[in-house]
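Enquirer: This is the structure I want to talk about, given as structure tokens.
Residue numbers (the working numbering): 418 to 882.
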């Protein structure tokens with residue numbers, strides 16, 4: 418069986434075909450289609466792993482309109498959309514319909530290749546899970562950095578630059594932004610093709626009484642209960658990486674021990690007189706401002722200088738919300754393998770209106786919740802966690818685009834009407850009877866309005882009800 422990725426490029430721009438084929442030469446087998454009908458014929462007659470689809474062919478949304486047909490022809494095929502514009506409304510709709518990622522046509526060749534590789538890897542993991550050939554490990558899942566926003570692209574480029582350096586790295590970001598994911602992305606490959614050693618440490622768990630044994634190891638008989646010799650974390654990570662999570666929580670006394678190791682790259686096991694020279698990088702992560710902690714004496718300034726040679730800042734999810742659809746697809750594949758779990762436009766709009774204080778971790782928890790609690794494979798507003806719906810409503814943020822003030826009077830009224838209906842729909846969890854009472858509207862009239870505005874879940878009025 419041919420295991421080379423089979424990619425179909427569907428675009429009416431011949432130059433784009435040439436560019437993509439050049440960037441993927443030797444990495445994938447590429448086929449071409451100039452329109453949706455050609456692509457559909459190829460998909461029905463050939464194995465296609467990934468479809469790279471222009472959503473604005475012939476200056477229309479032809480690509481967007483064909484996504485349901487493509488998914489129906491081959492539900493397992495992955496779709497990456499491409500566009501020369503930054504029409505995020507259309508991109509979001511494409512993601513809702515089943516596309517897994519987005520690339521801008523102006524992206525560098527390596528960025529296009531990485532986007533395709535991410536989707537193919539995600540598809541591979543999903544298939545392994547569905548076929549139960551073996552369970553996808555948590556480490557494999559964690560190592561993916563999802564998203565095509567400017568912030569995500571910039572972060573990936575920074576990671577690529579930093580990965581080859583032997584210098585220490587300080588990763589900063591709010592809780593839940595994926596600091597360990599970034600740290601694992603910084604691992605280098607050894608000559609035998611395996612990743613370098615990676616030892617992760619929760620800084621807050623290292624206590625003064627056991628610090629030397631944890632950091633440097635100990636010899637047999639070094640203390641009561643030391644029945645055998647044990648390597649410390651630096652020795653375990655020799656030739657690789659030590660990752661200190663939430664380094665700001667490390668006690669000052671232990672900070673001093675860490676500083677000495679970084680200065681000398683030398684350790685001595687507890688109970689031994691023999692020093693060992695080691696080679697390792699330190700990656701440290703924090704959600705706090707270490708410079709401010711240095712000013713108040715809570716963190717050693719010399720250690721801060723040693724750790725922050727190469728700083729990497731991870732943006733919060735609220736600053737990269739265009740990545741939410743791709744993240745939803747990613748987490749749906751993780752938490753609902755074997756199900757074609759998707760989200761309605763209204764659900765995606767409401768999720769886009771949330772401020773995400775828990776960042777990507779919070780979003781992953783939302784998907785895990787709906788994967789268990791919802792019987793439907795189409796997740797609507799009513800299926801989302803009530804606490805999240807209430808949070809969005811309390812913040813008073815509209816879950817729709819801003820009103821175009823140049824629009825006609827009636828169009829502006831319609832937008833306001835839609836806002837009210839969406840808000841009440843979310844507030845009452847899609848219960849139209851409760852909405853009817855709250856708004857003082859006849860149920861049949863309310864159903865009509867819900868259908869007019871495309872608000873999901875509206876059932877047709879029943880005669881005699």
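Backbone N, C-alpha and C fix where the C-beta goes; we use that ideal spot for every residue, glycine too.
Check whether the region 775-790 touches the region 604-616, taking contact to mean three or more Cβ pairs, one atom from each stretch, closer than 8 Å.
Expert: no
Enquirer: Please state whether the Cβ-Cβ distance between residue 495 and residue 473 is less than 7 Å.
Expert: no
Enquirer: Is it true that the region 846-853 meets the region 794-806, where meeting means three or more beta-carbon pairs spaced less than 8 Å apart?
Expert: yes
Enquirer: What is the rounded straight-line gap between the Cα of residue 741 and the Cα of residue 759?
Expert: Going by the C-alpha atoms only, they are around 13 Å apart.
Enquirer: Let me know if residue 439 comes out buried or exposed under the rule of 16 or more other beta-carbons within 10 Å of its beta-carbon.
Expert: exposed
Enquirer: What does the Cβ neighbour count give for residue 854, buried or exposed, with the cut at 16 atoms within 10 Å?
Expert: exposed
Enquirer: Please report the distance separating the alpha-carbon of residue 437 from that of residue 508.
Expert: 20 Å
Enquirer: So what does residue 796 bridge to, in DSSP terms?
Expert: 760
Enquirer: Decide if residue 466 is buried, meaning its Cβ has at least 16 other Cβ atoms within 10 Å, or exposed.
Expert: Flag for residue 466 reads buried.
Enquirer: Check residue 687 in the structure and name its three-state DSSP category.
Expert: Three-state DSSP puts residue 687 in a strand.
Enquirer: Could you tell me the distance, in whole angstroms, from the CA atom of residue 456 to the CA atom of residue 425?
Expert: Looking at the two C-alpha atoms, the distance is approximately 8 Å.
Enquirer: Starting from residue 378, follow the alpha helix (DSSP H) in both directions and report where the run begins and ends.
Expert: Lying before the first or after the last residue shown, residue 378 is absent from the chain, which here runs from 418 to 882.
Enquirer: Taking the DSSP output, what are the residues bridged to residue 694?
Expert: 683
Enquirer: What is the DSSP secondary structure of residue 448, reduced to helix, strand or coil?
Expert: strand
Enquirer: Report the rounded CA-to-CA distance for residue 579 versus residue 433, giving the unit in angstroms.
Expert: 30 Å
Enquirer: Might you give, ordered along the chain, the residues of its own chain that have their beta carbon closer than 6 Å to the beta carbon of residue 634, omitting 5 neighbours on each side?
Expert: 647, 648, 649, 652, 686
Enquirer: In this structure, does DSSP put residue 667 in helix, strand or coil?
Expert: Of the three classes helix, strand and coil, the one that applies to residue 667 here is coil, per DSSP.
Enquirer: Taking the alpha helix (DSSP H) that residue 577 belongs to, which residues open and close that run?
Expert: Unbroken alpha helix (DSSP H) run through residue 577: 567-580.
Enquirer: Quick check on DSSP: helix, strand or coil for residue 612?
Expert: strand
Enquirer: Using 7 Å as the threshold, is the C-beta distance between residue 736 and residue 568 below it?
Expert: With respect to residue 568, residue 736 sits close: the two C-beta atoms are nearer than 7 Å.
Enquirer: Does DSSP put residue 752 in a helix, a strand or coil?
Expert: In the structure shown, residue 752 sits in a helix (DSSP, three-state: H, G or I).
Enquirer: Taking the beta carbon of residue 717 as the centre, do at least 16 other beta carbons fall within 10 Å, making it buried, or is it exposed?
Expert: Buried, by the Cβ-count rule.
Enquirer: Do you know offhand how far residue 661's Cα is from residue 623's?
Expert: If I take the Cα positions, the gap works out to 11 Å.
Enquirer: How is the alpha helix (DSSP H) around residue 460 delimited, first residue to last?
Expert: 453-462
Enquirer: So, using beta-carbon positions, are residue 630 and residue 666 closer together than 7 Å?
Expert: no
Enquirer: Quick one: what's got a C-beta closer than 6 Å to residue 563's C-beta in the same chain, skipping five residues either side?
Expert: 743, 744, 747
Enquirer: Enumerate in chain order the residues of its own chain whose CB-to-CB distance from residue 711 is below 6 Å, with the five nearest sequence positions on each side excluded.
Expert: 718, 721
Enquirer: Might you give, ordered along the chain, the residues of its own chain that have their beta carbon closer than 7 Å to the beta carbon of residue 698, omitting 5 neighbours on each side?
Expert: 583, 585, 658
Enquirer: Are the CB atoms of residue 770 and residue 832 within a distance shorter than 7 Å?
Expert: no
Enquirer: If we count the other Cβ atoms within 10 Å of its Cβ and call it buried at 16 or more, is residue 761 buried or exposed?
Expert: buried
Enquirer: From the DSSP output, in three-state form, read off residue 728 for me.
Expert: In the displayed model, residue 728 falls within a strand according to three-state DSSP.
Enquirer: May I ask you to list the residues that DSSP assigns as paired with residue 520?
Expert: 499
Enquirer: In angstroms with no decimal places, state the Cα-to-Cα distance between residue 836 and residue 852.
Expert: 14 Å
Enquirer: What would DSSP say about residue 506, mapped onto helix, strand or coil?
Expert: Three-state DSSP puts residue 506 in a helix.
Enquirer: Near residue 488, what residues of its chain come up, given a Cβ to Cβ distance below 6 Å and the 5 sequence neighbours on each side ignored?
Expert: Beyond the five residues adjoining it in sequence on each side, residue 488 comes within less than 6 Å, by CB distance, of 515 in the same chain, given in chain order.
Enquirer: Nearest CA to the CA of residue 668: which residue from 688, 714, 643, 692?
Expert: 714
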